[in-house]
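**Student:** The opening residue of the sequence shown carries number 1 in UniProt numbering; numbering runs sequentially from there.
Yeah, the Cβ is synthetic: ideal placement off N, Cα and C, and Gly gets one too.
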Amino acid sequence: NRKKVAFIHTVGVAYFFLATFGVVYSCIFIAYPVVYTEPKDIQWRSICLIYVFINIIGNYFLGILNKSNYTPGIQVTDPPTSWKFCSVCDRYCPPRTHHCEICKVCILKRDHHCFFFCQCVGLRNQRYFIPYTYVLMFYFLERTDPYK
Ligand SMILES: [Zn+2]
Ligand SMILES: [Zn+2]
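So this is what it looks like as structure tokens:
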């Protein structure tokens with residue numbers, strides 16, 4: 001099962017990099033010179049696309065680097081009543097914390113397990129996940145634009 005998860009994570013990351021680099025490459029080097037005759041149009045379009053591309057890569061790496069794992073520095077012996085007990089981690093966790101079966105750790109404000117980020121999206125990296133998905137959507141729409 002651990003091997004299966006590692007395989008899916010590898011496929012997710014590989015797909016992400018192939019798709020994002022593939023769109024930049026095919027737009028700038030293949031589609032734009034065919035669709036636009038003015039070199040100014042090609043340059044302007046390319047700059048816009050690279051700006052979006054940098055935003056995707058930046059949010060992607062910040063989302064991976066900021067982990068939402070709950071790792072307490074001190075053991076809480078008398079937690080507030082809103083805290084619940086995680087039987088897997090064998091300790092009390094803050095409200096809105098959920099245990100992830102894949103990460104094998106409790107995640108603060110857990111949203112979902114992301115196979116592109118190779119970890120859970122929660123308190124600290126949701127801020128990067130949301131712009132990441134939105135920018136990615138506009139980015140892939142760009143590909144269809146020249147063929148209208
Ligand atoms: Zn847990
Ligand atoms: Zn997870």
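Would you please state the rounded distance, in angstroms, between the beta carbons of His-99 and Cys-89? I believe it to be under 8 Å.
**Tutor:** Numbered from its first residue, the sequence shown carries residue 99 at position 99. Numbered from its first residue, the sequence shown carries residue 89 at position 89. In this structure His-99 touches Cys-89 by the C-beta definition: roughly 7 Å separates them, less than 8 Å.
**Student:** Report the partner residues of Phe-85 according to the DSSP bridge assignment.
**Tutor:** As a working note, residue 85 is residue 85 in the sequence shown. Beta-bridge pairing links Phe-85 to Tyr-92.
**Student:** When DSSP labels each residue in this structure, what does Cys-27 get in the three-state scheme?
**Tutor:** Within the sequence shown, residue 27 is the residue found at index 27, counting from 1. Residue state, collapsed to three classes: helix.
**Student:** Under DSSP, the beta strand (DSSP E) around Leu-108 begins and ends at which residues?
**Tutor:** Start at 1 with the first residue of the sequence shown, and residue 108 comes out as number 108. Taken as a continuous stretch (DSSP letters only), the beta strand (DSSP E) holding Leu-108 covers 105 to 108.
**Student:** Just checking my contact of Gly-58 with Phe-117 at CB under 8 Å: how many whole Å lie between their CB atoms?
**Tutor:** The sequence position of residue 58 within the sequence shown is 58, counting from 1. The sequence position of residue 117 within the sequence shown is 117, counting from 1. Taking 8 Å as the upper bound for CB-CB distance, Gly-58 and Phe-117 are not in contact here, some 14 Å apart.
**Student:** Could you tell me the distance, in whole angstroms, from the CA atom of Ser-68 to the CA atom of Phe-7?
**Tutor:** As a working note, residue 68 is residue 68 in the sequence shown. As a working note, residue 7 is residue 7 in the sequence shown. Going by the C-alpha atoms only, they are around 22 Å apart.
**Student:** Assign Cys-120 to one of three DSSP states: helix, strand, or coil.
**Tutor:** Residue 120 sits at position 120 when you count from the first residue of the sequence shown. In this structure, Cys-120 counts as strand in the three-state DSSP scheme.
**Student:** Quick check: does the Cβ of Ile-64 come within less than 7 Å of any heavy atom belonging to ligand 2?
**Tutor:** Start at 1 with the first residue of the sequence shown, and residue 64 comes out as number 64. Checking every heavy atom of ligand 2 against the Cβ of Ile-64, none is found closer than 7 Å.
**Student:** Report whether the distance from the Cβ of Ile-102 to the nearest heavy atom of ligand 2 is below 7 Å.
**Tutor:** To locate residue 102, count along the sequence shown from 1; it is residue 102. Ile-102 Cβ: within cutoff of ligand 2.
**Student:** Less than 8 Å separating the beta-carbons of Tyr-70 and Ile-107?
**Tutor:** Locating residue 70 in the sequence shown gives position 70, where the first residue counts as 1. Locating residue 107 in the sequence shown gives position 107, where the first residue counts as 1. Yes.
**Student:** For Asn-66 and Ser-82, what's the separation of their Cα atoms in angstroms?
**Tutor:** As a first step, residue 66 is located in the sequence shown; it is residue number 66 there, counting from the start. As a first step, residue 82 is located in the sequence shown; it is residue number 82 there, counting from the start. For Asn-66 and Ser-82, the distance between alpha carbons rounds to 25 Å.
**Student:** In chain order, which alpha helix (DSSP H) runs of at least 4 residues are fully inside the region 12 to 64?
**Tutor:** If one requires a minimum length of 4 residues, the alpha helix (DSSP H) runs lying completely within the region 12 to 64 are 32 to 35, in chain order.
**Student:** CB-CB under 6 Å to Phe-53, same chain, minus the five flanking residues each way: which ones, in chain order?
**Tutor:** Counted from its first residue, the sequence shown places residue 53 at position 53. The residues are Val-24.
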